[in-house]
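Notes to accompany the following structure.
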Amino acid sequence: MIDQNKEVEKYFQTLPQGRREALSELHSWIHETVPGAKDVIEYGMPGAYQDALICSYKSQKNYMSLYMDVEIVKKHKPELDEAGLNCGKSCIRFRRLEQLPQETIKTMLRETAAKQAAEKQAA
């Protein structure tokens, strides 16, 4: 079995220093907020998994991306827009970690984990 933590570490090592620091800090936010989450590589990106995939993140050519639940992104779109972020349906694009509203992102992570736990329990 592949050690996902080592795979995520390998991913970080491929990044330029600034991107590595930013995504490592985002990784810390995720694990502070959802302590039971496991590191995974899904769709070629590092992410966090608990009852399902909570989020993924990646360094792109011109920005970094955080991918989250479509409904949760839509719910928090006004706060993300206020921060000046470019968002797609499930993608939040940023150039510097400081652009991300930390408390909003942590709230979104908690809401996603709770939603997935409820869906798992209902199934």
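Just so we're aligned: 10 in this note's numbering is position 22 of the sequence shown, and the numbers increase by one with no gaps anywhere. Where is the CB? At the ideal position from N, CA and C, for every residue including glycine. The structure presented is a predicted model; accordingly, all values stated were derived computationally and were not measured.
- Setting aside the 5 residues that flank it on each side, L11 is surrounded in the same chain by F0, L3, Y45, S47 and M52, each with a C-beta closer than 7 Å to its C-beta; the list follows chain order.
- For K94, the enclosing alpha helix (DSSP H) has its first and last residue at Q90 to A110.
- Contact fails between the region 36 to 43 and the region 61 to 70, because fewer than three Cβ pairs, one in each stretch, are under 8 Å apart.
- Note that the C-beta distance between A101 and V28 is not below 8 Å.
- With distances taken between CA atoms, E13 lies nearest to K94 out of L73, Q109, S78 and K94.
- For K26, the pairing in a beta bridge is given by DSSP as Y37.
- The three-state reading of DSSP puts S53 in strand, counting E and B together.
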